[in-house]
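Asks: Supplied in structure tokens, the structure appears directly below.
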Amino acid sequence: MDLARELGLSRSAISSMVTELIGVGLVQEVGTRGSSGVGRKATLLNLNTRAAALLAVDLGASHARVDALDLHCRTLATRSVPHDIQAGPQATYALLGDLSAQVLRAARLRPAQVALVGVGIPGPVDHDTGRVVQPPNMPGWDGENVREALRALTGLDVLVDNDANLGALAEARFGAHRGTQDLIYVKVATGIGAGVLLGGRLHRGMRGGAGEIGHISINEQGPVGRSGNPGSLESYAAAGVLVALAEARRAAGQATTLHGPITLDTLLTHAETDPLARAVWEEAGHHLGVAISTALNLFNPAAVVIGGRLSRAGDVLLTAVRTSAQSRTMRINADRARIDLGTLGGDAGVLGAGAMMLDSLFTPRGLPHLYGIARMGAHEQAASRAPPAPGPPPEVPQPHAFFSPFGGSS
8 MDLARELGLS RSAISSMVTE LIGVGLVQEV GTRGSSGVGR KATLLNLNTR
58 AAALLAVDLG ASHARVDALD LHCRTLATRS VPHDIQAGPQ ATYALLGDLS
108 AQVLRAARLR PAQVALVGVG IPGPVDHDTG RVVQPPNMPG WDGENVREAL
158 RALTGLDVLV DNDANLGALA EARFGAHRGT QDLIYVKVAT GIGAGVLLGG
208 RLHRGMRGGA GEIGHISINE QGPVGRSGNP GSLESYAAAG VLVALAEARR
258 AAGQATTLHG PITLDTLLTH AETDPLARAV WEEAGHHLGV AISTALNLFN
308 PAAVVIGGRL SRAGDVLLTA VRTSAQSRTM RINADRARID LGTLGGDAGV
358 LGAGAMMLDS LFTPRGLPHL YGIARMGAHE QAASRAPPAP GPPPEVPQPH
408 AFFSPFGGSS
């Protein structure tokens with residue numbers, strides 16, 4: 008890209024700006040490119056991905072993970088531990104504080120080098136306020152302002168979103184469907200939710216409740232799920248339901264090679280080889296396909312990506328989903344739509360959080376904050392290399408206050 012031509016500025020003005028950005032460490036020279044005429048060679052520039060860091064938090068129903076990322080969303084350090092989200096907000100915040108400190112130490116980062124914290128939550132989130140809204144699988148969290156609580160804990164700016172929304176961002180930016188503008192990501196785990204990307208933008212709905220595909224009723228006469236809806240998708244295809252179903256089928260005499268207690272890991276490991284496990288995954292895929300057909304007919308996406316822990320069942324699950332969904336979807340909405348398994352595995356949550364943070368930083372509101380952090384880091388590096396000077400230490404420039412997309416400033 009020719010910056011002078013793209014921005015309509017003189018080459019001297021561009022040169023001055025670039026020199027400043029290089030000086031603060033936000034941009035770096037990576038070489039030159041020969042000119043086709045008699046002019047000087049063009050200088051090739053790139054973002055300095057270590058100019059600032061990001062903290063990505065992936066909260067699931069049964070785990071907590073924190074990654075330190077560079078500005079290309081590459082992991083610098085990571086920590087992940089089992090954690091029951093039903094332990095409540097305070098226990099979760101304490102754990103996240105510990106994990107964040109461990110990650111920063113492992114990555115040799117100071118909090119002042121962190122531009123943003125991005126958090127994925129397994130429930131509806133009001134994106135304007137950072138509050139959790141009526142989560143069916145997170146007792147004790149309704150109304151909890153995760154953004155403000157973690158801001159108070161870390162002293163850093165915090166962005167919060169639903170985990171399935173972040174999965175959609177991750178798959179569209181880093182997965183096999185990179186660049187896809189219309190994509191639905193269905194996360195199938197303890198609960199089932201969807202992230203809906205339309206025209207390259209997340210569709211969150213009025214209060215963050217869009218994408219709750221797990222609470223679509225697929226059988227009005229079915230069991231009542233945790234949301235109170237009869238015959239909801241979660242009542243047929245969520246993790247705990249499948250384990251109970253397998254136990255009941257074995258007790259009823261269905262053929263199986265499985266012995267001892269049946270766990271989700273047992274079903275995943277034997278998805279291809281055991282007749283009972285295979286039947287359970289095929290049934291789950293059928294029910295998922297029923298709900299996904301509704302999403303296909305509503306949104307006409309280019310791709311539906313299935314992620315979450317249950318996606319590890321692989322082709323047995325995927326084949327059943329495709330068969331069920333395509334038989335119920337209008338041809339115009341089914342012909343070119345791809346239904347695939349996610350390619351990012353357990354990294355989808357932190358990569359999606361990273362994408363959310365980058366989207367926020369590379370805006371007119373976010374860039375001054377990023378510039379300030381890079382400038383402070385460059386100043387400190389220069390000071391560390393310089394011989395000690397007499398008199399009081401020089402004042403370290405502080406980052407610009409970042410006006411958060413949620414309103415207010417830090």
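Quick note, the sequence shown lines up with residues 8 to 417 if you use our numbering. Each residue gets a CB set at the ideal place from its N, CA and C atoms; glycine is no exception.
Taking DSSP as the reference, what is the three-state secondary structure of His90?
Replies: As a position in the sequence shown, residue 90 is number 83, starting the count at 1. DSSP places His90 in coil when its eight states are reduced to three.
Asks: Excluding sequence positions up to five away, which residues of its chain have a Cβ less than 7 Å from the Cβ of Gly32?
Replies: Position 25 of the sequence shown holds residue 32. Answer for Gly32: Asn55, Ala58, Ala381, Gly384, Ala385, listed in chain order.
Asks: Is Pro237 helix, strand or coil by DSSP?
Replies: Along the sequence shown, read from residue 1 onward, the residue named residue 237 stands at position 230. The answer is strand: DSSP assigns Pro237 an E or B state.
Asks: Using 10 angstroms around the beta-carbon of Arg316, count the other beta-carbons present and answer buried if the total reaches 16, otherwise exposed.
Replies: Mapped onto the sequence shown, residue 316 falls at position 309. Its Cβ being crowded by 16 or more others within 10 Å, Arg316 is buried.
Asks: Between which two residues does the alpha helix (DSSP H) harbouring Ala251 extend?
Replies: Along the sequence shown, one-based indexing puts residue 251 at 244. First-last of the alpha helix (DSSP H) with Ala251: 246–258.
Asks: Out of curiosity, what's the CA-to-CA distance linking Asp366 and Ala183?
Replies: Here residue 366 refers to the residue found at position 359 of the sequence shown. Here residue 183 refers to the residue found at position 176 of the sequence shown. Rounded to the nearest angstrom, the two C-alpha atoms are 20 Å apart.
Asks: What three-state label does DSSP hand Asn172 in the structure shown?
Replies: Locating residue 172 in the sequence shown gives position 165, where the first residue counts as 1. Reduced to three states, the DSSP call for Asn172 is helix.
Asks: Looking at Gly150: is its Cβ nearer than 8 Å to the Cβ of Val165?
Replies: In the sequence shown, the residue the question calls residue 150 occupies position 143. In the sequence shown, the residue the question calls residue 165 occupies position 158. Not closer than 8 Å, so no.
Asks: When the Cα of Leu160 is compared with those of Gln141, Arg180, Glu178, Pro118, which residue comes out closest?
Replies: By 1-based counting over the sequence shown, the position of residue 160 is 153. It is Pro118 whose Cα lies nearest to the Cα of Leu160.
Asks: Would you decide whether Thr99 is buried or exposed? Buried here means 16 or more other CB atoms lie within 10 Å of its CB.
Replies: Locating residue 99 in the sequence shown gives position 92, counting from the first residue. Buried, since its Cβ has 16 or more Cβ neighbours within 10 Å.
Asks: What are the boundary residues of the beta strand (DSSP E) that Arg72 is part of?
Replies: As a first step, residue 72 is located in the sequence shown; it is residue number 65 there, counting from the start. Taken as a continuous stretch (DSSP letters only), the beta strand (DSSP E) holding Arg72 covers 70–76.
Asks: By how many angstroms is the C-alpha of Arg256 removed from the C-alpha of Asn307?
Replies: For the purposes of this step, residue 307 is identified with residue 300 of the sequence shown, where counting begins at 1. For the purposes of this step, residue 256 is identified with residue 249 of the sequence shown, where counting begins at 1. Counting only the Cα atoms, Arg256 lies some 37 Å from Asn307.
Asks: Could you check which residue in His210, Ala362, Gly356 has the C-alpha nearest to that of Arg72?
Replies: Here residue 72 refers to the residue found at position 65 of the sequence shown. Answer by Cα proximity: Gly356.
Asks: Which same chain residues, not among the five before or five after Gly215, have their C-beta less than 7 Å away from its C-beta?
Replies: For the purposes of this step, residue 215 is taken as residue 208 along the sequence shown, with counting starting at 1. Excluding residues within five positions, the ones whose Cβ falls inside 7 Å are Pro131, Val132, Asp133, His134, Val140, Asn169.
Asks: Taking its Cβ as the centre, do 16 or more other Cβ atoms sit within 10 Å of Gly349, making it buried, or is it exposed?
Replies: Position 342 of the sequence shown, counted from the first residue, corresponds to residue 349. Residue environment for Gly349: buried (at least 16 other C-beta atoms within 10 angstroms of its C-beta).
Asks: Near Pro230, what residues of its chain come up, given a Cβ to Cβ distance below 6 Å and the 5 sequence neighbours on each side ignored?
Replies: Walking along the sequence shown from the start, residue 230 turns up at place 223. When the five nearest sequence neighbours on each side are left out, the beta carbons in the same chain lying within less than 6 Å of the beta carbon of Pro230 are those of Ser242, in order along the chain.
Asks: Around the Cβ of Thr280, are there at least 16 other Cβ atoms within 10 angstroms (buried) or fewer (exposed)?
Replies: As a working note, residue 280 is residue 273 in the sequence shown. That one is exposed.
Asks: Per DSSP, what kind of secondary structure is Ser224 in: helix, strand or coil?
Replies: The count along the sequence shown starts at 1 and reaches residue 224 at position 217. The answer is strand: DSSP assigns Ser224 an E or B state.
Asks: Would you tell me roughly how many angstroms separate the C-alpha atoms of Arg338 and Gly212, rounded to the nearest one?
Replies: Walking along the sequence shown from the start, residue 338 turns up at place 331. Walking along the sequence shown from the start, residue 212 turns up at place 205. Cα-Cα distance, rounded: 27 Å.
Asks: Looking at the secondary structure, which residues open and close the beta strand (DSSP E) in which Val124 lies?
Replies: In the sequence shown, residue 124 corresponds to position 117, counting from 1. Taken as a continuous stretch (DSSP letters only), the beta strand (DSSP E) holding Val124 covers 121–128.
Asks: Of all the options Leu116, Ala114, Arg158, which has the alpha carbon lying nearest to the alpha carbon of Val126?
Replies: In the sequence shown, the residue the question calls residue 126 occupies position 119. For the residues Leu116, Ala114, Arg158, the minimum Cα distance to Val126 belongs to Arg158.
Asks: Leaving out the 5 sequence neighbours to the left and right, which residues in its chain are closer than 6 Å to Gly67 when beta-carbon positions are compared?
Replies: As a working note, residue 67 is residue 60 in the sequence shown. Correct list, in chain order: Pro129.
Asks: I need the straight-line Cα distance from Ala408 to Met24, nearest angstrom please.
Replies: The residue given as residue 408 occupies position 401 in the sequence shown. The residue given as residue 24 occupies position 17 in the sequence shown. Caution is warranted here: a pLDDT of 36 is assigned to Ala408, below 50, making its placement in the model unreliable, and the coordinate value is therefore given only provisionally. So the alpha carbons of these two residues sit roughly 21 Å apart.
Asks: So Gly232 and His222 are in contact, right, with Cβ under 8 Å, and what is the actual spacing, rounded?
Replies: For the purposes of this step, residue 232 is identified with residue 225 of the sequence shown, where counting begins at 1. For the purposes of this step, residue 222 is identified with residue 215 of the sequence shown, where counting begins at 1. Yes, they are in contact, since the Cβ atoms of Gly232 and His222 sit about 7 Å apart, within 8 Å.
Asks: Taking only the alpha-carbon atoms, compute the straight-line gap between Pro282 and Glu289 and give it to the nearest angstrom.
Replies: Locating residue 282 in the sequence shown gives position 275, where the first residue counts as 1. Locating residue 289 in the sequence shown gives position 282, where the first residue counts as 1. Whole-angstrom Cα-Cα distance: 10 Å.
Asks: Measure the CB-CB distance between Ala201 and Gly186 and report whether it falls below 8 Å.
Replies: For the purposes of this step, residue 201 is identified with residue 194 of the sequence shown, where counting begins at 1. For the purposes of this step, residue 186 is identified with residue 179 of the sequence shown, where counting begins at 1. Cβ atoms of Ala201 and Gly186: not closer than 8 Å.
Asks: Measuring CB to CB, does Asp91 end up less than 8 Å from Ser69?
Replies: On the sequence shown, residue 91 is found 84 positions in, with the first residue counted as 1. On the sequence shown, residue 69 is found 62 positions in, with the first residue counted as 1. When the beta-carbon positions are compared, Asp91 and Ser69 come within less than 8 Å of each other.
Asks: Name the one or two DSSP bridge partners that Leu190 has.
Replies: As a working note, residue 190 is residue 183 in the sequence shown. According to DSSP, which records beta bridges pairwise, Leu190 is partnered with Leu204, Ala310.
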